[in-house]
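Single-structure report; data block below.
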Amino acid sequence: MEKHIFLLILLFLCQYYSIFISAASSNETDQQALLAFQSLVTSPSPFLAKNWTKNTSFCSWFGVTCSSKRQRVVALTLPNLQLQGTISPSLANLSFLRELNLRNNFFHGSIPYDIGHLPRLRVIDIQDNQLQGSIPTSLFQHQKVQTISLALNKLSGEMWKGPWYVPELRVLNLWNNSFIGIIPPSIGNSTKLMNLSLSGNGINGNIPKEIGNLSQLAVLSLFDNQLTGSIPAALFNISSLIIISLARNSLSGPLLLDEGKILSNLEFLGVSYNQISGRIPSNICQLAELKILSISFNNINGEIPRNIGCLANLEEFYIGYNPTSGTIPASLGNISTLQNLNGMNNSLQGPIPPELGKLSNLRQLSFDLNHNLIGQIPDAIFNISSLELVGFSFNNLSGRIPATTGRRLPNLRGIYLSYNQLEGEIPPYITNASKLNALALDMNLLTGTIPTNLGNLRELRGLFLFGNQLNNEPSEYELQFLNSLVYCRMLRSLAVGSNLLNGILPSTIGNLSSTIEIFHIADAHINGLIPKGIGNMSGLTKLNFQDNNLIGSIPYEVGRLKKLQGLFLSNNKLQGRILDVVCDLSNLVVLHLPENELSGVIPECIGNLSMLQQLDLASNNFLSKLPLSLWKMSSLLTLNMSRSSIQGEVPPDIGELKAIVAIDLSGNHFSGMIPSRIGDLENMLYLSLSNNSFLGLIPLSFSSLISLVFLDLSLNALSGSIPKSLENLSHLASINVSFNDLEGEIPSGGVFANSTSQSFLGNKGLCGMQVLGVSACTITNSGQRSRSKKLVLKVVTPVVISSFIIFLLASIWIMKRQKKKGKPKDVEKVPEIRTYQLVSYLEIQRATNNFDGSNLIGVGSSGSVYKGTLSSGIVVAIKVLDLQNEEACKRFDTECEVMRNVRHKNLVPVITTCSSEYIRAFVLQYMSNGSLDNWLYKEDHHLNLHQRVTIMLDVALAVEYLHHGHHTPIVHCDLKPANVLLDDEMVAYVSDFGISKILAVSKSMAHTETLGTLGYIAPEYGSEGIVSTSGDVYSYGIMLMEVLAKRRPTDEEVFNENLGLREWIKRAFSGTMMEVVDANLFLEEEQVNSKSEICIASMIQLALDCTNERPESRIAMKDVVKRLHKIKNTFLAT
């Protein structure tokens, strides 16, 4: 017996030591695997290196979890430690590993292939790193894995071509990578899947209907891909599904729900930015748990279902930017949970239902840009205490604004009711809305007085009341409402012009906030003096007091407005001289003082205004000579000194005005000869020297004015003949030399072929064609003619023959070069635009419904833009220039010339034009998404990083084409977000060529008009008056910074005289970069990661390279395109 017991003990000890030796061996394998992993990892902190040592058991190492029995590694969790390096393949030796969590680090390289063969693996979470390559295919054949989270990396390729067999998979999170290919139908086999997130990739093809088999699915996130086809109706039958996010794809077809009864728990349905068509399903009530319904930016038509109020849990409803028609359903008022209701830019019509006033939790209500909403605004809407924003701008609403507006609105921040037919008074309680920061009631029919207690709105930033019939308090002569605005210390825009104010500016105007940038009170029947206190408004960039009855002199204190860019005081009754302090306004771009009674000497120091581009002092009484410094203002674009009693001679220095495009010196007392150096002004479009006392010949150098469109030399004492070389000025459309002492034959070519007798009256010595109202020129006798003919034949014939041979050889050489060169690739991509004949004024009237205000898209300094429909049915944008604005008419010819020479997929196409004595208009392709400027700064517009990069790449392609696309470079001269338009697919188009310039073939620089916001023009323009393609590059770089930071280059909240946008961005680049970029770069469901930060850093570096101080240090536009392509493909590839 004892012998048997001994044998059993011996057997037990053998087995124990066998297991012990085996465990020790396996433990050593785990330790070696972990040490191999550690050897490829670095960290800013030495913690891991100090903790993971052979002196302690690896089971006690930080982040390592072992099984209690076998002491084998079952979990490796090292998230959020800023670890760098590659993931060691040795981890595949951890055969007992169940969880691998390395999220939010900086691992790069590929995922080790054999990790997918770990038999016990349940969770692999390596999201938010910099991993590249493809997913190990074994992961999609793993029978036990439950969570695969690889989001926010740089992984690429197809997810997995073969059939999926992951029966235990609960979570598949691959969003924000660069995966391509399709979603395989075999995904329907993963019946335990609860979260499927593939957003932010380049996945294409259809959404497989097999997803409908995933009976436990709760989250389906596929937004921002390239998916096509329709949305499977089976999705709405998954009762567990809570979130469907399919926005920003190319899905089409109708939104359909199965006819049978659906047991749905869906709370979020987002399909915006697709091509969904058809109507909103009539049985949408089956989605009874829906909280957010976002279907904006699609092609959804028809009416909003009358019973939409059945969605009793709905909190947010976005249906804007669709062709949805009909009326606003009254049943919306039954959804007591509704917080955001956005129906902007649809085709809704009819009255606003009063039932909306029952929405007690409503925060944002926006139905702007529908154009056909009529009737009154229901009183009840302005009794919703939770309301933060209400917008009904650009409609046809009438009646009064509810009298109770503001009385119970403690949270209201924005009221936007512009461009309607509202009448009556501004509600007295509106000032109770103490959080209001924008009050836009402009372009209505409002009467009564402007409230004198607006100062209660302490957070007000924008007050827009212009274009009404508002007046001042009858008992007061001062504009009392301005005294009240003293308390609005955050005010930036104050626009109350075009009203019937009929009062004087109070002396307390200087107490208004220094934050005000724009003060517009033009055409408002203002009397009296300009108060001296105006000098305290130190933040002003634009001051517009024109078209009033102001008297007295320009106050000395104006010289303290150091940030002023535009000073508009025209058409008043101002007297006295222009003070020297005006010369202290170093940022001044526009100085308009015409139609006043100014006198004295124009200060010599005016030449110190190096940024000045427009100088208009016409119709005054100076009775002096022009200062010599004026002729050296190389940045000056337009100079109007007409009818101002100016004396003296025009000096040769006029040739220094290198940038000038228009000069009007008519109606003065100039004498002497016209200087020949005027021919140096190759960019000049308009020249009027009429009604002076100029003597001598018309300079032959006029033939060098290659851009000239208008020339008036009438009513002088010019003699000699009209230079025949003027025939060669191809742009010259109008010439007038009447009432001089000219003689000889009037040339018959060029502009002279279309001139009338009015252009040549009062010159007794002129002869020529009978239609010009002059006598025929004398013909020499026949003998002389015969000898002349023989001489001509002897001399001219050989010359003609030689010239023909040279021309023929040159033509053959050019054709060969063109065949080799081929067409620019971007030109080939442009779809053929149908050629239209010029449209008539009647056709324009019909297209715009006689310029009806409901079709008005926008108003600018040069005219208005209307939406219209041609007789062919095509919807277009019609840009109608203001014929009273001479600059606008000149821009018409410039823009025609540029558009005649360009054709590119990212330039706004001009379909046709209309030009008559009544109208100058362009018919353009309609851009449904408006301007980039709107998308940056309107509250309900948001652009993510991918969209901004894509838009700026489109802009870069357009500018590259202008600079390098043909043999004569074109400088745009006015690149800014307002001149970038977006079509219905958010493709960007560069617009507005009214101040562009086609460079001469042999020249790399020119001078052109750049009247945009001061912050966009290159520094060399102000100092030298020279603009080249590198100036466009500079403007592009500033715009790129603005797009990333959502900060205007003249934003006073951040910038000052010593700190501009570029310097601000540059300072932040090395440290706090993410603090200066726009927070809306990323959607709510997105996370900022290192990949995004590198992308933004690359964009900022590109912007800095575009905006170098020295033009020669800036990169070329073609290099900008290359780098942007690389940035997009590397970080944002879809």
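So the sequence shown is residues 1 to 1134, counted in the UniProt record's numbering. All C-beta atoms, glycine included, are put in the ideal place defined by N, C-alpha and C. From a predicted model like this one, the values you see are computed outputs, not experimental measurements.
Cβ-Cβ distance between Phe694 and Gly672 below 8 Å: yes
Is the beta carbon of Val271 closer than 8 Å to that of Leu251? yes
In the DSSP assignment, the beta strand (DSSP E) including Glu649 goes from what residue to what residue? Gln647 to Glu649
For Ser230 and Gly253, believed in contact at Cβ under 8 Å, the rounded distance: 3 Å
Can you list, in chain order, the residues of its chain with a C-beta nearer than 7 Å to that of Leu809? Leave out the 5 residues immediately preceding and following it. In this prediction, Leu809 scores a pLDDT of 49, lower than 50, which makes its location untrustworthy; no coordinate-derived value is stated.
With a 10 Å radius around its C-beta and 16 neighbouring C-beta atoms as the bar for buried, classify Asp852 as buried or exposed. exposed
Determine whether the beta carbon atoms of His669 and Ile646 lie at a separation below 8 Å. yes
Check the DSSP bridge columns for His966 and list the partner residues they point to. Answer is none; His966 lacks a bridge partner.
If you run the structure through DSSP and keep just helix, strand and coil, what is Met1117? helix
Who does Asp933 pair with in a DSSP beta bridge? Answer is none; Asp933 lacks a bridge partner.
With burial defined as no fewer than 16 other Cβ atoms inside 10 Å of the residue's Cβ, what is the status of Cys777: buried or exposed? exposed
Taking 8 Å as the cut-off, decide whether the C-beta atoms of Ser642 and Phe622 are in contact. no
How big is the Cα-Cα spacing for Asp680 and Leu705? 7 Å
Per-residue DSSP class, three states only, for Ala49: helix
Counting along the chain, where does the alpha helix (DSSP H) carrying Arg306 start and finish? Careful: Arg306 lies outside any alpha helix (DSSP H) and carries neither H nor E.
Just curious, the alpha helix (DSSP H) that Met1073 is in, first and last residue? Met1073 to Val1076
Simplified DSSP state of Lys1046, which is helix, strand or coil: coil
Alpha helix (DSSP H) containing Gln845: first to last residue? Tyr841 to Ala847
Relative to the C-alpha of Ile530, which candidate in Pro1019, Gly503, Gly1031 and Gly539 has its C-alpha closest? Gly503
Quick check: the Cα distance between Ala49 and Glu289, rounded to an integer number of angstroms? 52 Å
Segment contact, 8 Å Cβ cut-off, at least three pairs: the segment 741-760 with the segment 711-723: yes
For the segment 353-360 and the segment 371-381, state whether three or more C-beta atom pairs, one from each stretch, are separated by less than 8 Å. yes
Drop a sphere of 10 angstroms on the beta-carbon of Phe47, count the other beta-carbons inside from all chains shown, and report buried for 16 or more, exposed for fewer. exposed
Taking contact to mean 3 or more Cβ pairs, one atom from each stretch, closer than 8 Å, check whether the segment 854-874 and the segment 950-967 are in contact. no
Just to confirm the assignment, what range does the alpha helix (DSSP H) spanning Phe481 have? Gln480 to Ser484
Per DSSP, cross-strand counterpart(s) of Lys879: Val865 and Phe922
Could you pull out every residue in the same chain whose Cβ sits closer than 8 Å to the Cβ of Pro1111, ignoring the five residues on either side in sequence? Ala1018, Glu1020, Ser1028, Ser1030, Gly1031 and Tyr1034
Count the C-beta pairs between the segment 601-617 and the segment 551-563 that are closer than 8 Å, then say yes if the count reaches three, no if not. no
Is DSSP giving Lys789 helix, strand or coil here? Its pLDDT being 45, under 50, Lys789 is placed unreliably in this model, and the value from its coordinates should be taken loosely. Note: Lys789 maps to helix in three-state DSSP.
Could you name the residues of the same chain whose beta carbon sits closer than 8 Å to that of Met1073, not counting the 5 residues immediately before and after it, in chain order? Glu1093, Ile1096, Ala1097 and Ile1100
Use the C-beta contact count for Thr53: other C-beta atoms within 10 angstroms, 16 or more gives buried, fewer gives exposed. exposed
From which residue to which residue does the beta strand (DSSP E) around Glu745 run? Asp741 to Glu745
For Leu97, which option in Leu540, Ser88, Val74 and Gly302 has the closest C-alpha, if you only look at C-alpha atoms? Val74
Glu1063 to Ser586 span [Cα, whole Å]: 20 Å
In three-state terms, what does DSSP make of Ile182? coil
Could you spell out the range, first to last residue, of the beta strand (DSSP E) harbouring Pro531? Unbroken run through Pro531: none, as it is neither H nor E.
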